[in-house]
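Asker:
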Amino acid sequence: MDRRSSALGTLYFICFIDVVGFGLIFPLLPSIAASFGVGATEVGYLATTFSVGQVIFTPILGYMSDRYGRRPVLLLAIFGNGISYLATGLAQSFTVVLLARFVSGATGGSIGVANAYVADVTSKEERSVYMNYVTAATSIGIVIGPGLGGTCSSFGFSVVCYIAAGACLLNWIIGLLFLTEPPRGAGRDMSVDGLARAAAAAGQQDVGKIPMRAWSLYASSFCAAGCFAAWETVMAFFLRDMYFHGDSDKAAVFYGYLFVFAGITMLISSVFMYKPLLMWLGPEWLVVFGTSLRIIGYVSMALAPTEWVEAGVCQIMILGGNIANPVASAKLTEISGSAMVGRAMGFFQGAQGLARLGGPPLMGYVYDNVGQRVPFYTCGVLGFFAGVFTVVVTVPDDEDEGDMGMSMPGETAGDVSTPASTPLGGMSGGSRRNKQVYLHRQATPGATPKTAIEW
15 MDRRSSALGT
25 LYFICFIDVV
35 GFGLIFPLLP
45 SIAASFGVGA
55 TEVGYLATTF
65 SVGQVIFTPI
75 LGYMSDRYGR
85 RPVLLLAIFG
95 NGISYLATGL
105 AQSFTVVLLA
115 RFVSGATGGS
125 IGVANAYVAD
135 VTSKEERSVY
145 MNYVTAATSI
155 GIVIGPGLGG
165 TCSSFGFSVV
175 CYIAAGACLL
185 NWIIGLLFLT
195 EPPRGAGRDM
205 SVDGLARAAA
215 AAGQQDVGKI
225 PMRAWSLYAS
235 SFCAAGCFAA
245 WETVMAFFLR
255 DMYFHGDSDK
265 AAVFYGYLFV
275 FAGITMLISS
285 VFMYKPLLMW
295 LGPEWLVVFG
305 TSLRIIGYVS
315 MALAPTEWVE
325 AGVCQIMILG
335 GNIANPVASA
345 KLTEISGSAM
355 VGRAMGFFQG
365 AQGLARLGGP
375 PLMGYVYDNV
385 GQRVPFYTCG
395 VLGFFAGVFT
405 VVVTVPDDED
415 EGDMGMSMPG
425 ETAGDVSTPA
435 STPLGGMSGG
445 SRRNKQVYLH
455 RQATPGATPK
465 TAIEW
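Heads up: the sequence shown begins at 15 in this note's numbering, then just goes up one per residue.
#1: What does the Cβ neighbour count give for Thr149, buried or exposed, with the cut at 16 atoms within 10 Å?
#2: In angstroms with no decimal places, state the Cα-to-Cα distance between Tyr28 and Asn383.
#3: Decide yes or no for the touch test of the region 86-96 against the region 181-195: beta carbon pairs closer than 8 Å, at least 3 of them.
#4: Buried or exposed for Met226, please, with buried defined as at least 16 other CB atoms from any protein chain shown within 10 angstroms of its CB.
#5: Since Pro160 and Gly23 are thought to touch, with beta carbons under 8 Å apart, how far apart are those beta carbons, to the nearest angstrom?
#6: Beta-carbon separation of Val87 and Val127 under 7 Å?
#7: Using the beta-carbon count (16 or more within 10 Å), is Arg115 buried or exposed?
#8: Assuming Met359 and Gly76 are in contact, meaning their beta carbons sit under 8 Å apart, how far apart are those beta carbons, in whole angstroms?
#9: Mapping DSSP to helix, strand and coil, what is Met331?
#10: Measure the CB-CB distance between Ser137 and Phe403 and report whether it falls below 7 Å.
#11: Could you name each continuous alpha helix (DSSP H) segment of 4 residues or more that falls completely within the region 245-325, going from the start of the chain to the end?
#12: Looking at Val380 and Val388, is the spacing between their C-beta atoms short of 7 Å?
#13: Is the distance from the Cβ of Ser124 to the Cβ of Arg370 below 7 Å?
#14: For Tyr26, collect the residues of the same chain with a Cβ closer than 7 Å to its Cβ; drop the 5 residues on either side in sequence, then sort them by chain order.
#15: Round the Cβ separation of Leu291 and Ile337 to the nearest angstrom and send it over; I've been treating them as touching at under 8 Å.
#16: What's the call for Gln106, buried or exposed, on a 16-neighbour Cβ count within 10 Å?
#17: In angstroms with no decimal places, state the Cα-to-Cα distance between Asp203 and Phe268.
#18: What does the alpha-carbon distance come out to for the pair Val406 and Ser45?
#19: Nearest by alpha-carbon distance to Val157: which of Asp32, Ser19, Gly311 and Gly372 is it?
#20: Hey, Gly37 and Ala120: beta-carbon distance below 7 Å or not?
#21: Quick one: measure Cβ to Cβ for Ser167 and Leu42, integer angstroms, because I've assumed they're closer than 8 Å.
#22: Assuming Arg85 is part of the alpha helix (DSSP H), what are its boundary residues?
#23: Using three-state DSSP, classify Ser137 as helix, strand or coil.
#24: If you check the beta carbons only, do Val355 and Val301 fall under 7 Å apart?
#25: Could you give the C-beta distance for Gly373 and Thr72, rounded to a whole number, given that I count them as a contact under 8 Å?
#26: Where does Ser107 fall in DSSP's three states?
#27: DSSP state of Gly460, grouped into three classes?
#28: Taking all protein chains shown into account, do 16 or more other C-beta atoms lie within 10 angstroms of the C-beta of Pro423, making it buried, or fewer, making it exposed?
#29: Buried or exposed for Phe236, going by 16 or more other Cβ atoms inside 10 Å?
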């Protein structure tokens, strides 16, 4: 196994353990409420404080990863999560639990930093594929974490919190021993002039500023996360009211099954479907295809006649989002320039936190006061705009990574000239070229994928 593969494997395992730790706590919310004598409203504040911490601090973590390196920031995020789980287990008041959730959100930018790490060590063509493997790792955690937490819940929520803290400790040790810092300066000019040239090649006017086009991708992230958070909020109530005749316990069990099915769908699509679809369709049409599935899924959820049909169309929505979302992340890394990928990804994850902050209470109000099916139609509209905000962003169609001052062995940067991007980000030219280059690199005997850094 080469050095890059080893580093990425370690990174994916860290992401997996991170989500397992989060999933361990998820089934314990009723136990936490009972232990501290609070109701559903107060438990809802846990999600709010987590999102507030995420919105405020994930851009800061991203900036720190650009300035001080990916590895130390990932280790800091893992350590902070461990402290939050330990504090939750030791808490003697609900206020301490709220503060612990805020710390967890503040240090919960590990996925954004992980994506920045992937961007450091992958080429333009393969980047969204490897970012999608981050989703695959977290999908396994989504499946295992809640089930493990439910199994251990009989020992009390404090014990499960200690287990989650132990998982973070294991994660921290693995990162400390095996995760290497990507040599982001290797093979590229990191001087002020060099970074300015890289920014110009990426379409930026100022090396110190995130390009305006990135805000369209932040809007995409906000819409995609907002509709998914709304789905998480209203689905349990919709199952109870539409299919289980007001039986909350049966609805909760079925809702848990939905999460397991969703994790399996995400895993299958990430590992087995995304790469072939990307090679076949190219990034732009892949977004169109994924967005169409997402819209179909949300609208069909509002109309499903039985709970099992509901479960099936939920997987269509999950599949669509899992196909469309990685392209937005990959585009963001391409247009941001090498000097600020971490900061850009921090804002990207912060937009998701902002959506989770406002989306659930708003859709809960709509569900109670406007109509039980209206949130799903609203999510379909938000899903449509998430796709549009991604597709309209153009990326430079220069020779791959030429803005980073490096080239394949035996090549010189700029050997291949390409036409300018189309108004839809290369839908007719750029996507086809990216697909052809990707296929060429995978099909060349003895060739290895071109990476942003030759390790």
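For every residue, glycine included, the Cβ atom is placed at its ideal position computed from N, Cα and C.
None of these values were measured; they are calculated from a predicted model.
Answerer: The relevant details are as follows:
#1: buried
#2: Note that residue 28 is Ile in the sequence shown, not Tyr. Taking the straight line joining both Cα atoms gives about 42 Å.
#3: yes
#4: exposed
#5: Wrong, their Cβ atoms sit about 24 Å apart, outside the cutoff.
#6: yes
#7: buried
#8: 5 Å
#9: helix
#10: no
#11: Complete alpha helix (DSSP H) runs here, min 4: 262-282, 288-295 and 297-317.
#12: yes
#13: no
#14: Tyr147, Val148 and Ala151
#15: 6 Å
#16: exposed
#17: Summary for Asp203: the model assigns pLDDT 41, below 50, so the residue's position carries little reliability; its value from the coordinates is reported in the next sentence. Approximately 54 Å, taken between the alpha carbons.
#18: Their Cα atoms are separated by approximately 46 Å.
#19: When only C-alpha atoms are compared, the closest one is Asp32.
#20: no
#21: 6 Å
#22: Arg84 to Leu104
#23: coil
#24: no
#25: For Gly373 against Thr72, the beta-carbon gap comes to about 17 Å, at or over 8 Å, which does not count as contact.
#26: coil
#27: Its pLDDT being 44, under 50, Gly460 is placed unreliably by the model, and the measurement read from it follows with that caveat. Three-state result, Gly460: coil.
#28: With a pLDDT of only 32 at Pro423, under the threshold of 50, the placement of this residue in the model should not be trusted, and no figure is reported.
#29: buried
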